[in-house]
Structures are given as structure tokens and as C-alpha cells.
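Protein chains in written order, with my numbering: chain Z, -10 to 642; chain P, 4 to 296.
The C-beta atom is built at its ideal place from N, Cα and C for all residues, glycine as well.
Please read all numbers here as calculations on a predicted model, not as lab measurements.
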Amino acid sequence: MMFPYLFSPLKLGTVEVKNRISFQPHLTNLAVGNLPSERQMYYWGERAKGGAGLIITEEMSVHPTDMSYEKLIDVYHPEVIPGFKKITDYVHQYDAKIFAQLNHNGQQGDGSISRLPVWAPSPMPDVLFRETPKAMEPEDIEEVARYFAKSAIHVREGGFDGIELQFGHSSLARQFLSPLTNFRTDEYGGSLENRMRAPLKFIAAVRKAVGNDCTIGIRMCADEMIPGGLDLGQVQEICARFEASGLIDFMDLSIATFYNLYLVEGSMHTPLGYTIPLAAGIREKIKLPVFCTGRINDPVMAEKVLANGQADMIGMCRGLICDPFLPKKAFEGRMDDIRYCIACNQGCIGRIGMNKLLGCVQNPAVGREKEWGEGTLTKAAVRKKVAVVGGGPGGMWAAKMAGRRGHDVTLFDRNETLGGQVLTAMKGSGRDEFGVIIRNEKDQVDKAGAKVKLGVEVTAEQLLAEKPDVVIVATGSIPKEQPVPGAEGPAIFNVWQVLNNQAELGQNVCLIDYDGHQRATATAEYLAIHGKKVHMITASLFIGAELGPTQDLYLTRQRLLQKGVTFTPDIAVMEVGGEAGAKTIKGFNVYSNAWDEWGPFDSVVLAMGQRVDDALYQSLKGKVQELYRVGDAVAPRKVDMAIWEGHKIGREI
Amino acid sequence: MPYQDLNILVLLRECSDPRPPAKAITRGAGISDRGLRQIANPADLSALEEAIRLKESLGASVTALAIGPERLDDLLRLAASMGADRCIRFWDHGLDGSDAVADARVLARIVHILAPKLLFTGSRLLDRGDDPAPALAAAMEAIPCLAAVTDLRLNKNSVAALRKVDRGGRQEVTAPFPCAVLFEEVAVSRYPTVDAVAAAVRAPVEKWRLADLGLPFWEVGATGAYLTLAEFGVPRLDPVRVVTPDAQLPTFERILSLLSGGIKAREGKLRTGSADELSAGIWQVLQEEGIAP
């Protein structure tokens, strides 16, 4: 047993959880009609099947005034019970426990969805939703407590093993606790005792409703990380008082608020396990089991946290979205088979924040476990000879899936290593973890029985001579050669050339960002680290226009500014002029339409889009029985679509 | 030779190595088992050393015995390298969860089968202290048992042992053959030669199973134990202190301290140059980091 602590049982109140891995609450947007859905049953069930000891559902709304997102479950309606029963029965068959998370988001909500004013302790708008709330009257507080209790009964009747109350980063309870959002002068504001009154009322109401044989825990925000907000010292005191109330059984933790959401869902630039010090800090003060969450994507690290006594339960969220079977693989010592989360945040928080269904760049099956989950892959009826050209993520997934189905697969790649464009992207500053995508799939391609031929620039003739039944073209994309007039010649380079160290750059560099994503910003940072003076020009409102949803924006801009990178937004670049060593950028402001010119720059770096590399596809067209293309070779997009399409075609051929 | 049939059975047990600094957990109620390793119980090695000396002086034959899973073969190979003539390891599935009484049944049965003139082992285990199983086994076989022995002398039909008694006293006792002798950790066990160690790698280890003992399975392991495990809990570990952002610090410094994690930001440096320049550069970095001399 590699992980004795991780796989030791833990008692939470009356419930014994078989191991220390909890699949943490997070939005899925998978509910249908504000009721629990079959998709959620399979989604949570897949993680139970994968070995997580505890599943905590996404937040469920306890009151009509809380409708922050359109696809939340309204747990205060008794109609939820039949759906809950299906979910809990399904999860229980895998020897896992399941808790429901109950929440009222307070001011962190959207009245335009509920068509009701949002409720909060004081009329203080949230930074994200920017809606002035109605200050709750004492009877409103009583009503929310009643609704918490009512919801808890529905949860219990639905077969849940326990309840977690969301008092963390997004919750009415935290707004009562925090001096930043509670300006009340009545018995619910002012002193700590008063600020704790409403949250304690919610807990007491729930405890009274469900009795003593139900596990109840709370999720606390360990540190708001805002000047004047709750800090660890205050939260230690709050947690100790909650513990002393004797009403709760465990303490789950989160960090920050919507003001600094980048700390709630730390992205790739955030260190692994960045919240461990806070969990350890809380655990020093209380005896209740403490959960720790935040980029713990690896059983080795999880074991260390437990062995060090810094937490009692490891909360994994993205790690299990990415690989639901991480616990099982860790238990069996199959570390090579674990698909590690890279915290790219593109598929999970990046989609959820835009009200799309939950996804994962590396796991196309998320939210589609019924069709694509473990055990759904069937052997191919006919064993076909399959050639996959291009060993990027799309090609690797196509080869892996086809190989697992028993096809005779050969994967060709022109490089000496699998990975395709990921090999370049991972060289951007702080993007090294992106390369884990390659590590995750490379072995799996081999294990699926696919033959890999590297360093071969395969031609249509060579392929046809092999007489394959199926050819899958995953040749990717390349940077546009001349995206704008004048963008050619000695001092002009694209992002690829820079990251692959093929660019002889001067000191003074202009980077044209038509990408808005890491391709541009991680390259700008890379240049700045190498001592270049970098100026970025974009047509968007700001540099990093695509980085908001993935929570990369804040820290990326912080790092760029700290490294002296300067920005000019709102500019449509129309021409690159000047001589080498004195290049100029000509363009107009997209709002004022005024033309201007920037420069001179020693060199210009273009992040101005990709074009398909489909020559092979075009020359094979009509000559192969089954010809497909996936990923950027169809249209240049991001890695999630390459994997999605590779996975899909591997399943279908 | 007066003791031509002097056969000695030495029981070897493993214990936790106390030498690595132990980390107390649950406020000193236990120690963390991380970084610990299992070693041969030193008093058992002293017993083995006594047996080997008798082999050398009187021509005794020495059988080393271990009860437990396959990793105990290492103990037996150590015994072989020190001079044991025969090595036996007894184990079978279903033997976990035993207690001292059930252990003693196994040991008594082995003693019965091998019928040694002397059963040697250590008087106590380094990590857990007294192990009643050897004394219980002696009782089951109705042979004398001498504990806390510091010195042993063989007479024609009996042994005379010097043993520790209370208040630091020493007492000489005698007992007839066959008997069990539990040694204090007095004799310094020898350091086997490299050749002996190499030879011991291929030394045969007899593997005895339950069927070889003729014991019914319900008398051994968890089913044969009188003690039952009521509850097993993993102790709540005391936290290893990590640097928590000081609540007195301004917010943005707290964030910085969390995000830096005390580790330098992950930034690579790209260096180009000839092989010589690059190797000199790497050497310089290693020196700066204190890795190279």
C-alpha cells in the first residue's frame, strides 16, 4: 500500500468514509429544470465508482431569492426528492458516501435570473454581480433559516449521508461574518458574536430538522484575502466557536471570494496545494476533521498533507473531474495511469463561468458518463487497419481510443516526440504543466497497442501503399504566414519561433496579440523574463481578453506589469512597416477610428492566428475508404476540441 | 564430544529500527511510521550469536526460525551468513491478526517437531518490549524457560544460566535439557564476512506451512486468538507546522506568501553556447545552489 493515510477510513459525525478523498462541491450546470438530473447521477456516480470515499454535491439553492446561476437545483422544492434518491442509490452501490451542499449566495447572486431582489446582510453590491441587494430584515433571516431546515429534510429524505452548509467564498453566511459586507447595527452585526448569529441560526435550524444522526459540516472561507476582510486569525476564532456550538461534525475549507476568484480556483500558475497552510492553521485550533482543497491533484502530495497532519480529508475537485479513477489507480499503485489535472481551467471553471455545461479539456466524458464513462467502450465489430497522422493530443486520443477497441493502429508523427503543438505551448512562461497532457497520454497510446512511428513526415503515397482502412488526419495547424500586410521579413517572428528558440530578437519587441489567450501572454512573459522590453498591442479591450473565465487574467496581468510589459488596447493592426531594427505598427483605434503608428521596435512577434495544416488531408481525399480529420487540422481551435474530436472518432470508427 | 546431538533452535523476530529520529504524533502517544524500517531484533541476534559460539566450541547444530511473511527471509539469510546451518520460515495465509497465545501454539508445535535441546531467542523486543509467546510455548511443551539471561554455561545434562533479577541482582539458575533460554542483548553479534553474505544469498530457506505443522487453522491466526480487535483508529496527527501567512500582514503580502509557497517562482533561463560554455554554466549554477563543491 503506497498511501496508508490516504486510504484509511475517517469518521465524520455518524458517517464513516472509507478513504480520505472527497470529491468537492462545484457547479456542474447539469441540473435540468432546477431538479437533479440523470446526468448528475452518472457524473457523481462515476467518481464514486472511481474510488472517492466521499462525494459532496454542487451547491443547491435553499431559497427563491438565491438564483445565482440558471441551472442550480432548487432544493427547497420537495420535487427534488425522487431525483436525489436515484443519485444517492447510485453512488451508494460503490461504497461511497454522498453529502449535499446547501447554500444561499446572498449578494453573490443575480436578481435578473430570479426576478427577485438579492438578499444580503447590508445593501453592499458584490464585485462580480454588481447588484445592490436588499438589506435583510430579521424576519428574512428567520425565513432563510427555515428554508435551510426545509431543504435539509428534503436532502435527508433523498438518501444523502450528510449535509454541508456553504459558508465559504460564495455565501450569505460569509457575508454575515465578514466586516466587508456586514454593516448592520442590530443583533446581526457589529461584534463577532453578533456577526455569527445568523450563520449559527442556519446551522441550528438544520440540526434541529435532521436530528443528531445526520452528519453536518460547514465550508468556511479560511481567509478572504481582501484588505479589511476576514483573515486566518479571525477565521480560526470563528471556527473554534462553531466547533464549540457542538452542532457540526466537520470543517471544509475554501479561500477568498469573488473579488479574488483566482484564489478560489488556482490556475496553472498557482503552486500545487497552495491552501495547505490555511488548512493547517485552522486544524491547529480545532479538533473537528478539517478538509483541505486547492490544486492537490496527486496522491503523493495528498498523502504528505495527511501524514503531516495538515488536514484530515483531501478535497479533490478538478483532479477527479479530469480523472475520476485517480483514487482507484492510486490504491492499486498504478501511478502511470493517472491522468493528472493541469489546472488549465479551460474546461471546468472556464465553461461554468460562461454558463456552459461542465467539461474538462483532458476528459471528454465529463457530463456524458452514461455514454462515454468507464465501461462504455466496446470492441470494434471489425478490426480495421487505422493510420493516424499527427501525434498531438487529437492524434494521441484517436490512436488510444481506436487501439483500445481492438483496431490495428499506427500513429505517425513528424517530430521525435509525441505532443504536437503542446510541445511548443508548454514552453511559454509558467505553462510547463501544460506538457503533462503529453505525459498523460503517451503511455496510454502504447498500452492501447498502437504502434508509434516518430520522425516520419508521412506522404499520401506512403500511406496509400500501406492500404489502411481508415486514415485520421490530425496534422494540426501552423501560424498564419502573413496575417497582416508587411508582416514578413527578417525582424518578424511568430509565437512558435520565439518559444522554440528560432527567433533572433532585438531588445525592443512588440507583440501583437490577436489571440487574447496564453499563446500571447505566456510568450510576452517569456520574452520579458529573457530581458526583452515588451510592448503588447491588441484589438481587444485589454490584454488577456480570453483569460478571465479561466481565472488567469489577474495574475497574468500582475506578472506582466511587474516585468515591465506595456499594453496598448483597442487597436486594429493594419500594417507592419519600417526596416529591420526599426519596425513600426500601423493601425486604428476600433472605437475612435483614429489612425496611429507605434514604434520603432527592433522586432515584432505575431500572435495573430493559425491556419490549418491540411495538405495531407486534401491529397488523400477520395483515395481512402474512410478519411477523417480532427482538431486544428479541421479548424484551428484549442486543445479541448482536438481531444474531443480525437476521442470521438476513436470511439466511432 | 559430549554434546553430539546439541541442536539449538533460534527464533528471530523483526522490530522497528529506532535509530532514525522518530517523529511523535498525537502529542507523543505514538510515533509516525514514516521513514522507519524493520530490522532484526537485537536481543534475538545476541541469542543467535550465543548459539553460533556453541556451534563453534561444542559442535552444536543451529537452526534459525522466523515466523512471518516473505520479507523475513532476509533475517534468515543474515543468520545463515553468521553461521546458522538450517533456516526455516513458517507462514501461511490467514495467520494475520494473531495474539501471543495463538503465536505460542505455532512456536510450541515447531519446537515439538524439531525437538531442539535448546530454544534460544531474545528476552525482549526492542520496540514493543516483552513478547510472551516463547515462554507460553515452553509452558505448552512443558519445558523450563529461563528469561533475562546474561550468561549461559552448559553442564552435561543441564544448563546453568545467570539471569537478571529485581533491584539489579543476578541469580544463577539451572534447568535440565531441553529448555528455552531468553537472552538479554549482551553478546555482540558478529559481522558476517562478505563471502558469507554472498553465500547466504543462495542459502536454502525451508518454507513451512500450516499443513507441515499439523495444526488446524482455527487454532492459529485471528481465529485462534483470544483477543479480538475492537476498534482500529488512525490517530489524529499533530500538524507539521507550515508557514501560515501572518494575519497581521497586509492582504497582498499574505497572497504573495501563499502563492510563492516559499519557493522561487518557476522561471527557466535559456542559455545558448558551446558545449564547454554550457557545462561551465551548469557547474556555476550547481555551485551557486550549493550542490557542487
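Using C-beta distances below 7 Å, list every residue in its chain close to P/A178, excluding the 5 sequence neighbours before and after it, in chain order. Within the second sequence, numbered from 1, the residue matching residue 178 of chain P stands at position 175. P147, L149, S161, V162.
Starting from P/L240, find everything on chain Z with Cβ-Cβ shorter than 9 Å and list it in chain order. On the second sequence, residue 240 of chain P is found 237 positions in, with the first residue counted as 1. Those within 9 Å of P/L240 in chain Z are Y(-6), L295, A296, N297, G298, Q299, D301.
Could you name the residues of the same chain whose beta carbon sits closer than 6 Å to that of Z/M113, not counting the 5 residues immediately before and after it, in chain order? By 1-based counting over the first sequence, the position of residue 113 of chain Z is 124. So the list reads T170, once near-sequence residues are dropped.
Please state whether DSSP places Z/Y79 in a helix, a strand or coil. Taking the first residue of the first sequence as 1, we reach residue 79 of chain Z at position 90. Helix at Z/Y79.
Sheet register partners of P/L259 (DSSP bridge): Within the second sequence, the letter at position 256 stands for residue 259 of chain P. Its beta-bridge partners do not exist; DSSP assigns none.
Using a C-beta cutoff of 8 Å, does P/T254 count as contacting chain Z? Your numbering for residue 254 of chain P matches position 251 in the second sequence. Taking 8 Å as the threshold, the shortest C-beta distance from P/T254 to chain Z falls below it.
For Z/A37, which residues does DSSP report across the bridge? Your numbering for residue 37 of chain Z matches position 48 in the first sequence. When beta bridges are read from the DSSP output, Z/A37 appears opposite no residue.
Within-8 Å CB hit, Z/R184 to chain P: The residue given as residue 184 of chain Z occupies position 195 in the first sequence. Chain P contact via Cβ: absent.
Counting C-beta neighbours from all protein chains within 10 Å, is the total for Z/W33 16 or more, i.e. buried, or is it exposed? The residue labelled residue 33 of chain Z in the question sits at position 44 within the first sequence. By the Cβ neighbour-count rule, Z/W33 is buried, with 16 or more other Cβ atoms within 10 Å of its own.
Between Z/G40, Z/H52, Z/E586, Z/K469, which lies nearest to Z/A596 when the distance is taken from Cα to Cα? Your numbering for residue 596 of chain Z matches position 607 in the first sequence. It is Z/K469 whose Cα lies nearest to the Cα of Z/A596.
Minimum C-alpha distance to Z/A269 - residue among Z/V460, Z/L295, Z/A387: Residue 269 of chain Z sits at position 280 when you count from the first residue of the first sequence. The option with the nearest alpha carbon to Z/A269 is Z/L295.
Straight-line Cα distance separating Z/I44 from Z/C203: Residue 203 of chain Z sits at position 214 when you count from the first residue of the first sequence. Residue 44 of chain Z sits at position 55 when you count from the first residue of the first sequence. C-alpha separation (whole angstroms): 16 Å.
Counting only Cβ-Cβ distances shorter than 9 Å, please list the residues of the region 206 to 223 of chain Z near chain P, keeping chain order. So the list reads D212, E213, M214, I215, P216, G217, G218, D220, L221, G222, Q223, given in the order they occur along the chain.
Would you be able to state if there are at least three C-beta pairs under 8 Å between the region 203 to 214 of chain Z and the region 145 to 156 of chain Z? As far as the Cβ criterion goes, the region 145 to 156 of chain Z touches the region 203 to 214 of chain Z, which means the pair count is three or higher.
C-alpha distance - Z/A449 paired with Z/G42, whole-angstrom precision: For this step, residue 449 of chain Z is matched to residue 460 along the first sequence. For this step, residue 42 of chain Z is matched to residue 53 along the first sequence. Cα to Cα, Z/A449 sits roughly 51 Å from Z/G42.
Could you list which residues in chain Z have their beta carbon closer than 9 Å to that of P/R153, in chain order? Walking along the second sequence from the start, residue 153 of chain P turns up at place 150. As written in the sequence, residue 153 of chain P is Thr, which differs from the Arg given in the question. The contacting residues do not exist; P/T153 stays about 39 Å from chain Z at best.
On the three-state DSSP scale, how would you describe P/S277? Locating residue 277 of chain P in the second sequence gives position 274, where the first residue counts as 1. If DSSP states are grouped into helix, strand and coil, P/S277 belongs with coil.
Quick one: give me the first and last residue of the alpha helix (DSSP H) that Z/M324 is part of. Numbered from its first residue, the first sequence carries residue 324 of chain Z at position 335. Run containing Z/M324: none; DSSP gives neither H nor E here.
Mind checking if Z/E273 is an interface residue toward chain P, Cβ cutoff 8 Å exclusive? As a position in the first sequence, residue 273 of chain Z is number 284, starting the count at 1. Taking Cβ atoms only, chain P reaches closer than 8 Å to Z/E273, which makes this a yes.
Measure the CB-CB distance between Z/T77 and Z/F149 and report whether it falls below 8 Å. By 1-based counting over the first sequence, the position of residue 77 of chain Z is 88. By 1-based counting over the first sequence, the position of residue 149 of chain Z is 160. Yes. Within cutoff.
With 8 Å set as the bound, which would you pick, yes or no: does the beta-carbon of Z/V112 sit closer than that to a beta-carbon of chain P? Taking the first residue of the first sequence as position 1, residue 112 of chain Z is located at position 123. Checking the sequence shown, residue 112 of chain Z turns out to be Pro, not Val. By this cut-off, Z/P112 is not an interface position.
Should Z/G270 be flagged as near chain P, meaning a C-beta pair shorter than 8 Å? Here the question's residue 270 of chain Z lines up with position 281 in the first sequence. At least one beta carbon of chain P lies nearer than 8 Å to the beta carbon of Z/G270.
Which residue spans inside the region 177 to 230 of chain P form an unbroken alpha helix (DSSP H) run of at least 4? Within the region 177 to 230 of chain P, the complete alpha helix (DSSP H) runs of at least 4 residues are 197 to 204, 213 to 216, 224 to 227.
Would you check if the region 432 to 452 of chain Z and the region 391 to 400 of chain Z touch, i.e. whether three or more CB-CB distances between them fall below 8 Å? Output reads yes: the region 432 to 452 of chain Z touches the region 391 to 400 of chain Z.
Z/L221 versus Z/A245, Z/V199, Z/G200, Z/E232, residue with shortest Cα-Cα distance: Locating residue 221 of chain Z in the first sequence gives position 232, where the first residue counts as 1. With distances taken between Cα atoms, Z/L221 lies closest to Z/A245.
Under a Cβ-count criterion, where at least 16 other Cβ atoms within 10 Å of its own Cβ denotes burial, should Z/G381 be classed as buried or exposed? Along the first sequence, read from residue 1 onward, the residue named residue 381 of chain Z stands at position 392. When all chains shown are included, Z/G381 counts as buried.
Cutting at 6 Å between CB atoms, please list the residues of its own chain near P/L14, excluding the five before and the five after it. As a working mapping, residue 14 of chain P is identified with position 11 in the second sequence. In chain order, L68, T124 place their CB closer than 6 Å to the CB of P/L14, counting only its own chain and leaving out the 5 sequence neighbours on each side.
I'd like to know whether the C-beta atoms of Z/L161 and Z/G95 end up nearer to each other than 8 Å. For the purposes of this step, residue 161 of chain Z is identified with residue 172 of the first sequence, where counting begins at 1. For the purposes of this step, residue 95 of chain Z is identified with residue 106 of the first sequence, where counting begins at 1. Their beta carbons are under 8 Å apart, which means Z/L161 touches Z/G95 by this criterion.
What whole-angstrom Cβ distance do Z/E422 and Z/A332 have, given they're in contact under 8 Å? By 1-based counting over the first sequence, the position of residue 422 of chain Z is 433. By 1-based counting over the first sequence, the position of residue 332 of chain Z is 343. A Cβ-Cβ separation of about 7 Å places Z/E422 in contact with Z/A332 under the 8 Å criterion.
Within the 8 Å Cβ cut-off, does Z/L252 reach chain P? Translated into positions along the first sequence, residue 252 of chain Z becomes position 263. At least one chain P Cβ lies under 8 Å of Z/L252.
Under a Cβ-count criterion, where at least 16 other Cβ atoms within 10 Å of its own Cβ denotes burial, should Z/K345 be classed as buried or exposed? Position 356 of the first sequence holds residue 345 of chain Z. Its Cβ having fewer than 16 others within 10 Å, Z/K345 is exposed.
With a CB to CB cut of under 8 Å and the five nearest residues on each side skipped, what residues in its chain are close to Z/K75? Here the question's residue 75 of chain Z lines up with position 86 in the first sequence. Closer than 8 Å at Cβ, skipping near neighbours: P25, E27, M30.
Quick one: list the residues of chain P neighbouring Z/N490, beta-carbon separation under 9 Å, in chain order. By one-based count along the first sequence, residue 490 of chain Z stands at place 501. Listed by position along chain P, the residues whose Cβ is nearer than 9 Å to that of Z/N490 are L273, T275.
So that I know if they touch, is there some Cβ in chain Z lying closer than 8 Å to that of P/P248? Locating residue 248 of chain P in the second sequence gives position 245, counting from the first residue. Interface annotation, P/P248: in contact with chain Z, CB-CB separation under 8 Å.
Please confirm whether Z/L267 and Z/A211 have their CB atoms less than 8 Å apart. For the purposes of this step, residue 267 of chain Z is taken as the residue at position 278 of the first sequence. For the purposes of this step, residue 211 of chain Z is taken as the residue at position 222 of the first sequence. Yes.
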